[in-house]
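Engineer: Basically this note's numbering = 1-based index in the sequence shown + 125. Beta carbons: idealized from backbone N, C-alpha and C, even for Gly.
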Amino acid sequence: MNQERVFQVLLGPHVSEKAAIVADTANQYVFRVAVDATKAEIRKSVEQLFKVKVGNVTTMKVKGKVKRNRYGYSSKPTWKKAYVRLEQGQEIDFAVVD
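(1) Let me know the beta strand (DSSP E) ranges lying completely inside the stretch 169–221, each 3 residues or longer, listed in chain order.
(2) For alanine 151, I'd like the list of residues in its chain whose CB is within less than 8 Å of its CB, leaving aside the five on either flank, ordered along the chain.
(3) When we look at the beta-carbon of phenylalanine 156 and count the other beta-carbons within 10 Å, is it buried (16 or more) or exposed?
(4) Please report the Cβ distance between valine 140 and leucine 174, rounded to the nearest whole angstrom; I am assuming they are in contact, meaning their Cβ atoms lie under 8 Å.
(5) Looking only at its chain, what residues have a beta carbon closer than 6 Å to the beta carbon of serine 200, apart from the 5 residues adjacent to it on each side?
(6) Hey, how far is the Cα of tyrosine 208 from the Cα of aspartate 218?
(7) Would you decide whether alanine 165 is buried or exposed? Buried here means 16 or more other CB atoms lie within 10 Å of its CB.
(8) Under 8 Å: does the beta carbon of valine 134 sit that close to some heavy atom of the ligand ATP?
(9) Is the CB-CB distance between glutamate 216 and lysine 178 below 9 Å?
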């Protein structure tokens with residue numbers, strides 16, 4: 126995988142209450158990823174960017190909500206998130222990236 130694709134796959138960390146709980150209890154981190162990204166690409170991107178070993182990757186597509194406004198209905202875009210479990214003893218610090 127080329128270096129440009131590494132930066133296209135991961136869009137950023139997904140910050141939520143559930144993501145914080147999962148990070149503390151199960152050593153998992155949640156990322157927003159490109160809709161066309163595969164699990165293998167996500168694994169390689171996380172390992173290259175953060176210099177950690179990835180245990181497994183679970184992905185899910187989040188369907189965009191339908192909103193109503195004064196012009197009718199519109200929908201938010203569908204997006205994909207990935208739960209990345211790290212190997213025992215590994216940790217990601219989002220403040221410092223090498």
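Structural biologist: The relevant details are as follows:
(1) 179–187, 191–194, 197–200, 204–211
(2) As a working mapping, residue 151 is identified with position 26 in the sequence shown. Cβ neighbours of alanine 151 beyond the five flanking positions: Arg210.
(3) Position 31 of the sequence shown, counting from 1, holds the residue named residue 156. Counting other Cβ atoms within 10 Å of its Cβ, phenylalanine 156 reaches 16 or more and is therefore classed as buried.
(4) Taking the sequence shown and counting its residues from 1, one reaches residue 140 at position 15. Taking the sequence shown and counting its residues from 1, one reaches residue 174 at position 49. About 17 Å separates the two Cβ atoms, so there is no contact after all.
(5) If you number the sequence shown from 1, residue 200 lands on position 75. Excluding positions up to five away in sequence, the list reads Gly189, Val191.
(6) Position 83 of the sequence shown, counted from the start, is the residue given in the question as residue 208. Position 93 of the sequence shown, counted from the start, is the residue given in the question as residue 218. One C-alpha to the other measures close to 16 Å.
(7) To locate residue 165, count along the sequence shown from 1; it is residue 40. Classification of alanine 165: exposed, given that the 10 Å Cβ count is below 16.
(8) Annotation note on the ligand ATP: not contained in the displayed structure, which lists no ligands.
(9) Locating residue 216 in the sequence shown gives position 91, counting from the first residue. Locating residue 178 in the sequence shown gives position 53, counting from the first residue. Not a contact, by the Cβ cut-off of 9 Å.
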